[in-house]
Amino acid sequence: MNRFTTSWGTFELARFPQDPRDRLRAWDASDDYLLQHLAEAGAEPAGPVVVLGDRWGALATALAGLRPVQITDSFLTQRATAANLARNGIAPDAVELRSVLDPPPPRIDVLLVRVPKSLALLEDQLRRLAPGVHAGTVVVGTGMVTEIHTSTLKLFERILGPTRTSLARRKARLIFCAPDPATAPAPGDWPRRYPLPDDAGIVAGRTVTSHAGIFSAERLDIGTRLFLRHLPRHHGARRVVDLGCGNGVVGTAAALADPAAEVTFIDESFAAVASAEATFRENLGPERAAEFLVADGLSDAAPGSVDLVLNNPPFHSHQATTAATAHRMFRDSRRALRSGGELWVIGNRHLGYHVALRRLFGGCEVVASDPKFVILRAVKR
Ligand SMILES: C[S@@+](CC[C@H](N)C(=O)[O-])C[C@H]1O[C@@H](n2cnc3c(N)ncnc32)[C@H](O)[C@@H]1O
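Under the UniProt record's numbering, the first residue of the sequence shown is numbered 1, with each subsequent residue one higher.
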């Protein structure tokens, strides 16, 4: 846990899941800069305050007195926010948690944006929120200087109105945007669809749907493509999990490969799970049984409840040191698998997933590989 001293008070904060060595802070200089600016600006907002893109709930927790609406694509962010409110004795309903796909508030008087990594997600969100923004809305963005580009500023300018930036302070920068109602942006064109290439195994030529900002939203990832070409056919597994499902292409392939398979699609991104559901339904119809879960991997799965886990773990993310997420996914998969059940993992060679799998499962074998990627299979004994 770490202490965040701001102009709005001092707060004990932690990430979710909590960093066991407590080294990673749940806030950064850009959160601090934004909070300081708001306190100096002084004006108490009359109406709804929206916080978009808060990473671990530092902004929502510090501003809980304003009863903000937090909008995020991340289930981990929501869990972190709820835990941080509780840690600081703040009632859970002080912050309204909404996902990026929930309807946005009809009126917004203050819009605070922690700039997300994905420009597509930012664009989609600004377009969704724009109808609630009016000439008097205070719009302030924040991010580290490495995260704010000319394209970021142009986006605010194009969708909301004239935009400028602050001086950098401790490598963070603010974005000030003066909404111009005459801008009246068109709604976004997400979710988008694309056809899969001919060498994508059983799903070749089929179409996937992706909401803004998810992994591989515009084209198939090359690692996923290798995975699709080597997935088990007629695997005979009934309870299959597509762990970290993104747009659901892997789980959809597993369902097509075996009519008896019931696939559970899991991702911590709300947009990913909605994409997976759209992809699955388009390719398998309305009747085929499947489950779609926004969750922290398999952390809540019943032990021994799964026959086959298919996993392309996250390898870059704002959410945590990434190896830690992948290793947690492997550990939780082992617990969720029945004896004899299998975990199939695709990863970049240099990530060395075989070491973790051997340690956890007592062994693993290489199913296929190319110069960049390797597919590993581990069996629960
Ligand atoms: C490398 S992508 C793979 C997506 C998809 N399976 C594919 O191959 O195109 C990893 C996915 O894991 C998800 N993810 C990251 N952390 C997670 C967690 N703790 N629980 C569930 N999903 C997570 C990310 O949102 C992302 O969609």
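Just so it is clear, CB atoms sit at the ideal spot from N, CA and C, and this is done for glycine as well.
In whole angstroms, what separates the C-alpha of residue i from that of residue j?
{"i": "Ile214", "j": "Asp221", "result": "12 Å"}
{"i": "Gln319", "j": "Leu167", "result": "For Gln319, the predicted model reports a pLDDT of 45, less than 50, meaning its position is unreliable and no value from the coordinates is stated."}
{"i": "Leu35", "j": "Pro197", "result": "47 Å"}
{"i": "Thr150", "j": "Thr142", "result": "14 Å"}
{"i": "His230", "j": "Asn348", "result": "15 Å"}
{"i": "residue 382", "j": "Thr252", "result": "Any property of residue 382 remains undetermined from this structure, which presents the chain solely from 1 to 381."}
{"i": "His360", "j": "Ala276", "result": "It is worth fixing the name first, because residue 360 is Leu in this sequence and not His. Distance between the alpha carbons of Leu360 and Ala276 is about 29 Å."}
{"i": "His37", "j": "Pro48", "result": "18 Å"}
{"i": "His327", "j": "Arg67", "result": "36 Å"}
{"i": "Ala336", "j": "Ala62", "result": "37 Å"}
{"i": "Glu12", "j": "Arg55", "result": "15 Å"}
{"i": "Ala39", "j": "Ala184", "result": "30 Å"}
{"i": "Gly86", "j": "Ala41", "result": "It is worth fixing the name first, because residue 86 is Ala in this sequence and not Gly. Spanning the two alpha carbons is a distance of roughly 28 Å."}
{"i": "Leu160", "j": "Arg107", "result": "14 Å"}
{"i": "Gly89", "j": "Ser210", "result": "38 Å"}
{"i": "Leu228", "j": "Asp307", "result": "19 Å"}
{"i": "Gly246", "j": "Arg192", "result": "14 Å"}
{"i": "Arg98", "j": "Gly340", "result": "40 Å"}
{"i": "Thr5", "j": "Ser305", "result": "44 Å"}
{"i": "Lys117", "j": "Ile148", "result": "9 Å"}
Less than 7 Å between C-beta atoms, sequence neighbours within five positions excluded: which residues of the same chain meet that for residue i?
{"i": "residue 392", "result": "Residue 392 lies beyond the stretch modelled for the chain, which goes from 1 to 381, so this question has no answer here."}
{"i": "Leu153", "result": "Thr163, Thr165, Ile175"}
{"i": "His234", "result": "Ala257, Asp258"}
{"i": "Pro187", "result": "Arg127"}
{"i": "Arg358", "result": "Cys364"}
For ligand 1, is there a heavy atom less than 7 Å away from the beta-carbon of residue i?
{"i": "Asn312", "result": "yes"}
{"i": "Ala272", "result": "yes"}
{"i": "Glu282", "result": "no"}
{"i": "Arg266", "result": "Looking at the sequence provided, one finds Ile at residue 266 rather than Arg. Because some heavy atom of ligand 1 lies under 7 Å away, the Cβ of Ile266 counts as near it: yes."}
{"i": "Asp102", "result": "no"}
{"i": "Cys364", "result": "no"}
{"i": "Cys177", "result": "no"}
{"i": "Gly246", "result": "yes"}
{"i": "Gly213", "result": "no"}
{"i": "Thr209", "result": "no"}
{"i": "Thr224", "result": "yes"}
{"i": "Gly297", "result": "yes"}
{"i": "Asp221", "result": "yes"}
{"i": "Gly376", "result": "Rather than Gly, the amino acid found at residue 376 in this sequence is Leu. False, no ligand heavy atom lies under 7 Å from that Cβ."}
{"i": "Ser216", "result": "yes"}
{"i": "Thr325", "result": "yes"}
{"i": "Phe11", "result": "no"}
{"i": "Phe315", "result": "yes"}
{"i": "Leu34", "result": "no"}
{"i": "Leu76", "result": "yes"}
{"i": "Val250", "result": "yes"}
Since residue i sits in a beta bridge, which residues does DSSP pair it with?
{"i": "Asn2", "result": "Leu13"}
{"i": "Ile266", "result": "Leu243, Leu293"}
{"i": "Phe330", "result": "Phe330 is not bridged to any residue."}
{"i": "Trp344", "result": "Leu310, Arg377"}
{"i": "Tyr194", "result": "Val208"}
{"i": "Leu337", "result": "Val306"}
{"i": "Glu157", "result": "DSSP lists no partner for Glu157."}
{"i": "Thr142", "result": "Arg114, Leu174"}
{"i": "Val50", "result": "Val69, Leu111"}
{"i": "Glu147", "result": "Bridge partners of Glu147: none, in fact."}
{"i": "Arg164", "result": "Phe176"}
{"i": "Arg169", "result": "Ala172"}
Cutting at 6 Å between CB atoms, please list the residues of its own chain near residue i, excluding the five before and the five after it.
{"i": "Glu291", "result": "Thr264"}
{"i": "Leu101", "result": "Phe270, Ala274"}
{"i": "Arg79", "result": "Phe16"}
{"i": "Ala172", "result": "Ala29, Ser30, Tyr33, Met144"}
{"i": "Val51", "result": "Leu59, Ala60, Pro68, Gln70, Leu112"}
{"i": "Gly248", "result": "Phe265, Ala276, Thr279, Phe280"}
{"i": "Ala212", "result": "Ala120, Leu121, Asp124, Trp190"}
Does DSSP classify residue i as helix, strand or coil?
{"i": "His234", "result": "coil"}
{"i": "Ala320", "result": "The pLDDT assigned to Ala320 is 49, lower than 50, so where the model puts this residue is not dependable, and the model offers no usable value."}
{"i": "His134", "result": "strand"}
{"i": "Val100", "result": "coil"}
{"i": "Ala368", "result": "strand"}
{"i": "Ser216", "result": "coil"}
{"i": "Arg87", "result": "helix"}
{"i": "Ser299", "result": "coil"}
{"i": "Ser74", "result": "strand"}
{"i": "Arg25", "result": "coil"}
{"i": "Ser7", "result": "coil"}
{"i": "Phe361", "result": "helix"}
{"i": "Leu203", "result": "For clarity, residue 203 is Val in the given sequence; the question names Leu instead. Here Val203 sits in helix by DSSP."}
{"i": "Pro20", "result": "coil"}
{"i": "Val95", "result": "coil"}
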